[in-house]
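Residue numbering for the sequence shown follows our numbering, starting at 2 and increasing by one per position. Yeah, the Cβ is synthetic: ideal placement off N, Cα and C, and Gly gets one too.
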Amino acid sequence: MRRQIIAGNWKMHTTRAEAIVLTEAIKQALASYDGEREVVLCPPFTSLSAVADLVGDTAIGVGAQNMHYESAGAFTGEVSPLMLTDIGCEYVILGHSERRQYFGETDALINKKLQAAFANAITPILCIGESLAQREAGETLSFIKAQLTAGLTQITAAQVSDMVIAYEPIWAIGTGKTAMAAQAEEVCKAIRQTVAVLYDTATAEAVRIQYGGSVKGSNAADILSQPNIDGALVGGASLKSEDFVAIING
Ligand code: PEP
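Structure representation (structure tokens):
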């Protein structure tokens, strides 16, 4: 059985002090949580170390929102996988649509980062998702398959079994427009089928597939009850402890 995973993508929000307050509140709210779902917090780089220290003695995990693929070097402004593991970071979100859209990240670059994550024992959360224009043109499934195939170049079956794929339709991110649970399930099922074709059935059954896009307490239960949805990548609603915890309990 796949354990569902709820990850909070804080994006470019929270000062260090605010991140500490938010983490403490989530920690407190989950103090007696049974751990049915895995929980991961992804704060900005400046707060990663503080958040990792705070959750160190709990079951809550920590992830980065991006990273470079090299371990060190002349890459001004970048953060390496080695630096992330050094502070106890276990996950990294790669290929978020905002990175693709605003920072020109390509499938090839994201694939290099994915390979670097595995080389450094960091679990990648690979984001894929179609635009509104692609959905309206009926291209969703073909686009998703192509994006996933490109992202997984040279990634082995064992690595795919351990990673997380986040299906995030761009039109649903930060817009308040959540995909209907059935729409999200249809694409997550297609993602799993694509993994089965690229690898094998066991790998497809093992990989965890999250849905992301305006998930909140009120729609979490519906989304998380879908057979091919193994969790949620949460943006806006992860910035308030009560909203985030409602999703975890959803
Ligand atoms: C995200 O940033 O990955 C996301 C899904 O954001 P939101 O929940 O705000 O739509």
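Within 8 Å, strictly: CB atoms of residue i and residue j
i	j	result
Ser48	Ile88	no
Met68	Val80	yes
Val188	Thr141	yes
Ile192	Ile210	yes
Val41	Gly78	no
Ala109	Thr86	no
Thr179	Gly214	yes
Tyr212	Ala185	yes
Ser98	Glu169	yes
Reference residue i; option with closest CA among the options
i	options	result
Cys43	Gln29, Ala73, Phe119 and Ile126	Ile126
Gly204	Met164, Lys113 and Gly232	Checking the displayed sequence, the identity of residue 204 turns out to be Thr instead of Gly. It is Met164.
Ile6	Glu243, Thr179, Gly236 and Gly232	Gly232
Asp201	Ala222, Ala147 and Ala159	Ala159
Leu115	Thr154, Leu240 and Gly130	Thr154
Ala117	Tyr70, Asp108, Thr157 and Thr107	Tyr70
Ala167	Val235, Lys113 and Val52	Val235
Gly152	Trp172, Arg136, Tyr34 and Thr195	Thr195
Glu91	Leu83, Ser98 and Ile171	Leu83
Residues that residue i bridges to, as DSSP identifies them
i	result
Tyr212	Tyr168 and Ala233
Leu42	Gly9 and Val63
Tyr92	Gly64 and Thr124
Ile192	None, per the DSSP bridge assignment.
Ile129	Tyr168
Nonlocal neighbours in the same chain, by C-beta distance under 6 Å from residue i, ignoring five residues either side
i	result
Gln66	Cys43 and Ile94
Lys190	Asn229
Expected contact under 8 Å - CB spacing of residue i and residue j to nearest Å
i	j	result
Ile248	Ala238	6 Å
Ile1	Val246	With the chain running from 2 to 251 in the structure shown, residue 1 is simply not present.
Leu23	Leu240	7 Å
Cut-off 7 Å between Cβ atoms - residues of its own chain near residue i, not counting five sequence neighbours on either side
i	result
Val52	Ala20, Thr24, Leu42, Pro44 and Val63
Cβ shell of residue i (< 8 Å), same chain only, five flanking positions each side left out
i	result
Gly175	Ser215, Gly236 and Gly237
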